[in-house]
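Here is the structure we will look at.
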Amino acid sequence: MELPEVEVVCRQMEKVLIGKKIVGAWGHPSKRFSPAKKSVGYTIQNIDRHGKYILLKMKEPYELICHLGMSGSLSLRPIKPEDETITALQLNKKYIRARWFFGAGESFGAGKGVGENVGENVGENAANKMSEIMELRDVRRFGWVFFVEEGNYSDIPTLQDAGPDALKPNFTVDGFYKALKSSRQNIKTQLLNQRAVAGLGNIYVDEALFDAGISPLRKSLSYERTEDLHKAIIKALNKGLKYGGTTLRDYRTFTGERGTHQNHLNCYDRGGQPCKKCQKPLSHIKLGGRGTTYCKTCQK
Ligand SMILES: [Zn+2]
């Protein structure tokens, strides 16, 4: 899941979560998801995003941060009677790793009734005070949940060290040029590691490099070519956003729809098929362990 998919989720969350108080929460007992419980008692003031991280900023100086990994999804629905008695084991079978209860009135403590252990009741006494439930479903468990003091990302190195978000105004050609110049890695690896710019993964890196005519293997770029790449990155992400994101396997928006950008890809996952610029077959290679598609003729 990359920036456009996460941005679609954030825009939908914004419409329904602002002003809601978290009155109960549960997290799978692993380090990745257990911090969900710390958010009980706080009220969501706004939804922000940095790269692939969703930042739910509270009225109080705290942030609930979700990273959906490869295939996680978040959804909101009205609470049902069975939510009161569902066990951690049953949640696990549905690949639900964290859940948050919303409602008005007194907050429901993180202790009693929001069990962590298999077989324990995770909604007991809760339903009368709660009206909606948000669930994080993550089959492959590459997601993360954090609850931190506002702006304190020291426990989240990939967020702490991330470059500017690719769709925010502080992603400038000058800053991008300097950041790329300071590394000797190939351009694809640099774009994936989030340090020069945050938000891109395999799909949008392959698309942007193809559009800019830049080989993923290149290790340095002139200022002019950096400018082309900067433009191509923003263009590729906005195109993904326009189609509601890319659904290859699991991606669903906050309201459960699939994206359609997978039907409009120019390069990603098209290895062996004709290049849309020169008609020669696109090459597929492994680069830093990641599958990479590019045109040897058009990308130099
Ligand atoms: Zn070509």
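Read in order, the letters of the sequence shown correspond to residues 37 to 336 in our numbering.
We put the CB at the ideal spot given by N, CA and C, even for glycine.
Note that the structure is a prediction, hence the values are computed from the model and not measured.
Under three-state DSSP, which class holds residue i?
i, result
"Lys322", "strand"
"Leu60", "According to the sequence displayed, residue 60 carries Gly and not Leu. The answer is strand: DSSP assigns Gly60 an E or B state."
"Lys93", "strand"
"Gly55", "coil"
"Val42", "helix"
"Pro71", "helix"
"Met37", "coil"
"Gly155", "Only weak support exists for where Gly155 lies, its pLDDT of 38 falling under 50; the coordinates are left without a value."
With residue i as the anchor, note down where its beta strand (DSSP E) starts and where it stops.
i, result
"Gln335", "Segment: none, Gln335 is in no beta strand (DSSP E) and carries neither H nor E."
"Asn222", "Neither: Asn222 is in no beta strand (DSSP E) and is coded neither H nor E."
"Asn82", "Ile80 to His86"
"Ile115", "Premise fails: Ile115 is in no beta strand (DSSP E) and is neither H nor E."
"Gly139", "Ile132 to Gly139"
List the endpoints of the continuous alpha helix (DSSP H) containing residue i.
i, result
"Ala234", "Neither: Ala234 is in no alpha helix (DSSP H) and is coded neither H nor E."
"Leu104", "That residue, Leu104, is in no alpha helix (DSSP H); it is neither H nor E in DSSP."
"Asn128", "Ala124 to Lys129"
With a cut-off of 5 Å, give the chain-ordered residues whose Cβ is closer than this to any heavy atom of ligand 2. With respect to ligand 2, the structure offers nothing, as its ligand set consists of ligand 1.
What runs of the beta strand (DSSP E), each 3 residues or longer, lie entirely inside the region 168-218? 168-173 and 180-185
Which ranges would you report for the alpha helix (DSSP H) in the region 245-310 if only whole runs of at least 4 residues count? 259-278
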